[in-house]
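Residue numbers (UniProt numbering): 1 to 394.
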């Protein structure tokens, strides 16, 4: 006699099991939705997916964007850090300008910010890889020789578990030499490098009035910005200075960099969730926290709160002068620092100090991690043909 069939699992128990599928492997959810109609219905239910995101709390890193430079032009590329990534490669197609250069300049809250460089009119493009939505933005009409920009969710009180497709903000920071431009900015001396900032809310579609400050520094390289609390931070002059833009009131201020900001520095959220930074000295990763002593946050001191020995976990040749550590990027939501060590890329988890190899080094440009939940609901809402980034300009 054949054994009796196993008892069926109760719906609540199935839900508890599916709730624990790892978000860093979106293919697990997709495969589970194909098991039967019950599982598909459950994994497509909005209430369950809200519970799923709240249960895991932190959107996982699905990959990262960086820039490849070919024949004098830059091309944004996406590198998955999981086996089955739902994010497509950016496919740039610009009519009338086949040599137009594009680069990634920021990534946050499920959105990527690109710059179109070699056009009659410079452009910014905000792209949502999950939904396929994109928005073309022209920079503010204000003098600048170099600029930095950041993108973030605009919704008040958002938990950023699924805010893609909604309203967003773009912060634009320009730098120019007051001696070379007509300086009409209040409180700025002629001859000083001038930094100014303007805010673009997508719901309004107009840049705000700019606010300016003497910065005494220029921009050498576009490095990842940092969002903490209600402020965005940018790195100036290869890490010598930090520019703070307050989203409340639009106030600009300058912060000195940590004492060990050379050979390179990146932002890394501090233990208390405020401004932090990471630097490398020898084979050691130093983590810093900024302790402000004034309301604006421009005065204070850097406190080193942790040192992680990289040579313990990363295979390198001690004493080899060719051995280098390059701090490349930081994922705000997960607390992961991306480090290039010779020919490889590793991540360092701030809380645990755990180090993981993520792939091979293919570029020296900054890394912009992409974090997002991806569920069967997203798969159904965004067909493959709509998710590819293919921007056509006149």
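Every residue, glycine too, gets a C-beta built ideally from N, C-alpha and C.
Counting only runs of at least 3 residues, the region 258 to 294 fully encloses the following beta strand (DSSP E) elements, listed from N- to C-terminal order: 265 to 267, 276 to 281 and 284 to 292.
Under the Cβ criterion (8 Å, minimum of three pairs), the region 152 to 169 counts as touching the region 104 to 115. Pairing residue 341 with residue 323, the inter-Cα distance amounts to about 7 Å.
Here residue 377 is buried. Its C-beta has 16 or more other C-beta atoms within 10 Å. Taken in chain order, the complete beta strand (DSSP E) segments of 3 residues or longer contained in the region 31 to 114 are 61 to 70, 73 to 80 and 102 to 108. With respect to residue 64, residue 75 sits apart: the two C-beta atoms are not nearer than 7 Å.
Within the same chain, Cβ atoms closer than 8 Å to the Cβ of residue 144 are found at 174, 175, 176 and 196, the five residues on either side in sequence being excluded.
Exclusion of the five residues before and after residue 213 leaves 195 and 252 as the residues of its chain whose Cβ lies within less than 6 Å of its Cβ. Burial of residue 347 is indicated by the presence of at least 16 other C-beta atoms within 10 angstroms of its C-beta. For residue 233, the enclosing beta strand (DSSP E) starts and ends at 231 to 236. Beta-bridge partners of residue 166 (DSSP): none assigned. Shown here for residue 68: same chain residues with a beta carbon closer than 6 Å to its own, the five before and five after excluded, namely 75, 77 and 363 in chain order.
Between residue 140 and residue 122, the gap from beta carbon to beta carbon reaches 7 Å or more. Under the three-pair Cβ rule at 8 Å, the region 285 to 294 counts as touching the region 262 to 276.
Spanning the alpha carbons of residue 247 and residue 153 requires a straight line of approximately 12 Å.
When the alpha-carbon of residue 300 is set against those of 357, 28 and 259, the nearest one is in 259.
Selection 269, 33, 208 and 360 evaluated against residue 15 yields 33 as nearest (Cα-Cα). For residue 340, the enclosing beta strand (DSSP E) stretches over residues 336 to 341. For residue 369, the enclosing beta strand (DSSP E) covers residues 368 to 371. Checking the DSSP bridge columns, you'll see residue 256 partnered with 241. For residue 305, the enclosing beta strand (DSSP E) begins and ends at 300 to 309. The residue from 62, 72 and 235 with its alpha-carbon nearest to that of residue 369 is 62. Between the alpha carbons of residue 28 and residue 51 lies a distance of about 17 Å. DSSP, reduced to helix, strand and coil, places residue 312 within a helical segment of the structure shown. Distance from the CA of residue 262 to the CA of residue 279, rounded to the nearest whole angstrom, comes to 7 Å.
Each residue's CA atom was taken as its position, placing residue 355 and residue 281 some 17 Å apart. DSSP places residue 345 within a strand segment (E or B) once states are collapsed to three. Across the set 49, 128 and 157, the C-alpha of 157 shows the shortest separation from the C-alpha of residue 230. The Cβ atoms of residue 150 and residue 217 lie no closer than 7 Å to each other. Secondary structure note for residue 199: its beta strand (DSSP E) is the uninterrupted segment 193 to 201. In the structure shown, the three-state DSSP call for residue 18 is helix. Rounded to whole angstroms, the Cβ separation of residue 245 and residue 26 is 34 Å, and the two are not in contact under 8 Å. 193 is the residue among 358, 202 and 193 whose C-alpha sits nearest the C-alpha of residue 219. With respect to the 7 Å criterion, residue 330 and residue 339 are not classified as neighbours on the basis of their beta carbons. Here residue 47 is exposed, its C-beta having fewer than 16 other C-beta atoms within 10 Å.
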